[in-house]
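Asks: In this text, residue positions in the sequence shown follow this note's numbering: the first is 19, and each later residue adds one. Ideal Cβ placement from N, Cα and C applies to all residues, glycine included. Quick caveat: nothing in here was measured; it's all calculated off a predicted structure. I have a structure I would like to understand better, so I am pasting it below and will then ask my questions one at a time.
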Amino acid sequence: MSMFSTQVRMDKIWQWPQKFLRRKNALGLDNMVQIMPRRLSMLTLEKEKLKNDVTSCSVKVQGFHNLASVQKSVQAVATSGYPGSDLARMNDELYPIEDSPLEILQWAMEEFDGRLAMSSSFGIQSVVLLHMATQVKPDIDVVWVDTGYLPEETYRYADLLVETLGLNLTITSNEEWTPARMEALHGKLWEHEETESHSLYGHIRKVQPLMKTLDSLPVNPLALLSGLRAAQTTARSNMKPVGIQQNRYKVLPMLKMTDDDVLEYMDKNDLPQHPLQAKGYVTVGDWHSSRPAEEGEDPRNSRFGGKFQECGLHVDNHEPASENNSEPVHALLPASLAATGIKALGLTTAHKDTDTAVIMVKKLTEDGEYCRKCKDVAEKIEQDNLTDWIGHIAVANVLDAKSEGSILAKHFEIATAPFFLVRDLETERAKGEWKIVRSYLQLRKLLEKNADRKLLLEEEGKEVLLAKDTKLKHLEQEINELSTVANQLQIELHDKLAALKNAQESADARKQELGV
19 MSMFSTQVRM DKIWQWPQKF LRRKNALGLD NMVQIMPRRL SMLTLEKEKL
69 KNDVTSCSVK VQGFHNLASV QKSVQAVATS GYPGSDLARM NDELYPIEDS
119 PLEILQWAME EFDGRLAMSS SFGIQSVVLL HMATQVKPDI DVVWVDTGYL
169 PEETYRYADL LVETLGLNLT ITSNEEWTPA RMEALHGKLW EHEETESHSL
219 YGHIRKVQPL MKTLDSLPVN PLALLSGLRA AQTTARSNMK PVGIQQNRYK
269 VLPMLKMTDD DVLEYMDKND LPQHPLQAKG YVTVGDWHSS RPAEEGEDPR
319 NSRFGGKFQE CGLHVDNHEP ASENNSEPVH ALLPASLAAT GIKALGLTTA
369 HKDTDTAVIM VKKLTEDGEY CRKCKDVAEK IEQDNLTDWI GHIAVANVLD
419 AKSEGSILAK HFEIATAPFF LVRDLETERA KGEWKIVRSY LQLRKLLEKN
469 ADRKLLLEEE GKEVLLAKDT KLKHLEQEIN ELSTVANQLQ IELHDKLAAL
519 KNAQESADAR KQELGV
């Protein structure tokens with residue numbers, strides 16, 4: 019049921035493996051531990067007492083600094099916002115599906131809330147990603163950079179694909195640096211041997227117009243799709259499915275596809291070939307830097323006279339964003355906890371079976387009943403024996419905008435109920451942000467993969483070996499307990515500081531009233 023209005027997408031139905039069936043929780047889905055905020059009477063607390071409380075909390079927290087994990091909890095090493103802060107987490111999530119381009123595209127749609135765009139050169143293999151992307155998002159913005167030096171066959175091929183696939187195409191070029199002006203001031207850069215000339219050409223003719231156009235798109239894309247493949251060049255072989263380029267995420271759904279995979283996909287879907295493919299071209303760029311490949315020749319040697327493998331559009335800045343960002347010592351993390359004050363965002367921990375923390379948000383209607391969809395999902399969760407994998411339940415009361423679930427729905431901009439917030443163990447330890455999961459089917463699939471990965475580790479003997487070490491087990495338990503205490507103290511310290519500030523403001527206001 020929708021809190022406001024939204025379109026619900028149904029994922030494919032799949033069978034829950036028998037090995038994951040588990041004993042039902044006798045307490046039931048709704049009987050969860052609720053973390054109640056401490057009530058503070060701001061105006062009746064004495065300022066000196068509050069100062070003492072703050073000092074006491076600070077001393078308690080400082081005492082845990084010998085443990086690295088607790089130190090992170092208290093000193094709160096921040097995760098930066100988009101882009102880059104979640105890069106490791108994203109690539110970890112894509113690892114199980116990195117051989118499935120369509121699943122990567124579906125993941126990207128959900129991860130970036132549909133704010134995607136893609137660039138295309140309309141080269142030999144461009145049609146594959148164009149076809150895949152329009153299956154997942156038919157109206158996706160496609161940006162084509164016209165360098166002014168493209169072969170006439172590429173222009174005709176582009177028109178054919180626009181008509182065949184119904185592409186939402188934006189054509190761009192560098193209006194400031196026309197081909198004539200560039201050649202007049204810099205010469206024919208493609209004829210120069212220097213790396214600097216090659217890079218300058220790519221920057222003027224490709225990078226500048228692409229970035230300018232992406233910034234101007236109404237969708238304001240958070241991520242750019244690209245058809246790069248690891249098998250194409252040495253630089254690309256070292257790439258991961260998600261990277262950073264020009265302060266924007268770059269997603270590579272085809273990264274693990276081979277040449278045979280590409281040909282098979284084109285044949286299976288009856289996709290039109292570039293006209294130059296029949297003339298022996300295996301890669302096509304500008305007319306002056308492309309030629310047919312000779313028999314047995316490395317395909318990339320047919321570009322740029324064999325002197326360069328990259329045009330500069332895809333490799334520069336394809337690196338993780340800097341992680342050298344931090345918050346003040348007393349800042350609450352993740353940012354959603356600081357913004358909402360919902361303590362479950364800081365205290366709901368990953369389940370030992372899945373290494374994943376889950377918060378479920380349910381809608382309570384005017385008649386005091388949960389919405390129909392919430393009831394249906396709750397029943398499915400119980401039937402699938404996932405009850406104890408849900409770490410916390412937040413209720414969005416339609417009559418109370420300050421209810422826990424209502425605040426979460428507003429902060430995460432979700433209009434449907436139920437929805438889920440998830441965070442893996444690694445992100446939890448780094449005080450990273452929660453990820454939105456909009457459907458139960460999506461959640462179930464995620465938990466299955468995480469549980470499967472955990473079981474695989476056990477089968478390989480790694481978990482078994484660690485479990486036999488009682489000393490390590492005791493130390494890990496102690497760390498977890500101390501981390502929990504530190505988290506609680508951190509939140510209490512934050513509350514005390516807020517109370518101190520309010521008391522100080524009230525005291526100052528009272529002094530003004532008394533004229534002192």
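Given this structure, state the Cα-to-Cα distance separating R471 from K370, to the nearest angstrom.
Replies: For R471 and K370, the distance between alpha carbons rounds to 12 Å.
Asks: Closest by CA to S307, which one among E478, T165, S457 and Q460?
Replies: Cα-wise, what sits closest to S307 is T165.
Asks: Within its chain, find whatever has a CB closer than 8 Å to the CB of G81; leave out the 5 residues flanking it on each side and keep chain order.
Replies: Residue confidence is low: G81 scores 41 on pLDDT, short of 50, so the model does not pin down where it sits. Its coordinate-derived value is still stated next. So no residue of the chain qualifies.
Asks: Would L465 and T366 be called neighbours here (beta carbons separated by less than 7 Å)?
Replies: For L465 and T366, no; Cβs fall outside 7 Å.
Asks: According to DSSP, is Q143 part of a helix, a strand, or is it coil?
Replies: Coil, per DSSP.
Asks: When the Cα atoms are used, what is the spatial distance from H210 to Q226?
Replies: Distance between the alpha carbons of H210 and Q226 is about 21 Å.
Asks: Put K381 into one of helix, strand or coil per three-state DSSP.
Replies: Note: K381 maps to strand in three-state DSSP.
Asks: Taking only three categories from DSSP, how would you classify M150?
Replies: The answer is helix: DSSP assigns M150 an H, G or I state.
Asks: Restricting to runs no shorter than 3 residues, where is the beta strand (DSSP E) found entirely within the stretch 138-225?
Replies: Complete beta strand (DSSP E) runs here, min 3: 159-163 and 186-190.
Asks: Residues in the same chain with beta-carbon distance under 6 Å from P271, minus the five sequence neighbours each way, listed in chain order, please.
Replies: If we look at P271 and ignore the five residues flanking it on each side, its Cβ neighbours are P119, I122 and L123.
Asks: What three-state label does DSSP hand L273 in the structure shown?
Replies: Note: L273 maps to coil in three-state DSSP.
Asks: Could you tell me which of V260, L240, E451 and M275 sits nearest to Q250, measuring between CA atoms?
Replies: Q250 has its Cα closest to that of M275, out of V260, L240, E451 and M275.
Asks: Do the CB positions of F430 and I411 come within less than 7 Å of each other?
Replies: Against a cut-off of 7 Å, the Cβ pair of I411 and F430 comes out as no contact.
Asks: Closer than 7 Å by C-beta to N192: which residues in its own chain qualify, once you throw out the five before and the five after it? Chain order, please.
Replies: I222, R223, Q226 and P227.
Asks: Determine the direct distance from the alpha carbon of G132 to that of Y167, and round the result to whole angstroms.
Replies: Going from the Cα of Y167 to the Cα of G132 covers about 33 Å.
Asks: Distance, Cα to Cα, L187 vs S421?
Replies: Roughly 44 Å between the two C-alpha positions.
Asks: Let's see if you can read the secondary structure: which residues bound the alpha helix (DSSP H) around N520?
Replies: Note, N520: alpha helix (DSSP H), T488 to L532.
Asks: Smallest Cα separation from Q460: which of V440, E451, R447 and A448?
Replies: Nearest option by C-alpha distance: V440.
Asks: Contact check, D159 vs A126 under 8 Å by CB: the rounded distance?
Replies: Incorrect: roughly 14 Å between the Cβ atoms, too far for contact.
Asks: Just the C-alpha distance for E384 and L363, rounded to the nearest angstrom, thanks.
Replies: Cα-Cα distance, rounded: 26 Å.
Asks: Kindly indicate the opening and closing residues of the alpha helix (DSSP H) around G364.
Replies: Taken as a continuous stretch (DSSP letters only), the alpha helix (DSSP H) holding G364 covers A362 to L365.
Asks: Got a sec, what are the start and stop residues for the alpha helix (DSSP H) K258 sits in?
Replies: Note, K258: premise wrong, no alpha helix (DSSP H); not H, not E.
Asks: Return the first residue and the last residue of the beta strand (DSSP E) that L242 is part of.
Replies: Counting along the chain, the beta strand (DSSP E) containing L242 begins and ends at A241 to L243.
Asks: Starting from the C-beta of P55, find all residues in its chain whose C-beta is less than 7 Å away, skip the five residues before and the five after it, and write them out in chain order.
Replies: Only weak support is given to the placement of P55: the predicted model assigns it a pLDDT of 31, under 50, and the value that follows is read from those uncertain coordinates. Closer than 7 Å at Cβ, skipping near neighbours: K361.
Asks: Does the beta-carbon distance from E171 to P293 come in below 7 Å?
Replies: Contact flag set, yes.
Asks: Roughly how many whole angstroms lie between the Cα atoms of V395 and F437?
Replies: Cα to Cα, the separation comes out at about 10 Å.
Asks: At which residues does the alpha helix (DSSP H) containing I408 begin and terminate?
Replies: Premise fails: I408 is in no alpha helix (DSSP H) and is neither H nor E.
Asks: Is it right to say Q508 is buried, meaning 16 or more other beta carbons lie within 10 angstroms of its own, or is it exposed?
Replies: Buried: at least 16 other Cβ atoms inside 10 Å.
Asks: Alpha carbon to alpha carbon, how far is Y173 from E397?
Replies: C-alpha separation (whole angstroms): 55 Å.
Asks: L148 to S501, Cα distance in whole Å?
Replies: Answer to the nearest angstrom: the Cα atoms are 47 Å apart.
Asks: Measure how close the beta-carbons of V146 and G245 come, nearest whole angstrom, since I'm counting them as under 8 Å.
Replies: Sure, about 7 Å apart at Cβ, within 8 Å.
Asks: Whose C-alpha, out of I408, K230 and T213, is nearest the C-alpha of W162?
Replies: Residue K230 is the option with its Cα nearest to W162.
Asks: Under a Cβ-count criterion, where at least 16 other Cβ atoms within 10 Å of its own Cβ denotes burial, should L382 be classed as buried or exposed?
Replies: That one is buried.
Asks: Measure the alpha-carbon distance for R309 versus G298 and round it to whole angstroms.
Replies: Distance between the alpha carbons of R309 and G298 is about 8 Å.
Asks: With DSSP run on the structure shown, which of helix, strand or coil describes Q33?
Replies: Low confidence applies here, because Q33 scores a pLDDT of 34, under 50, leaving its location unreliable and the question unanswered by this model.
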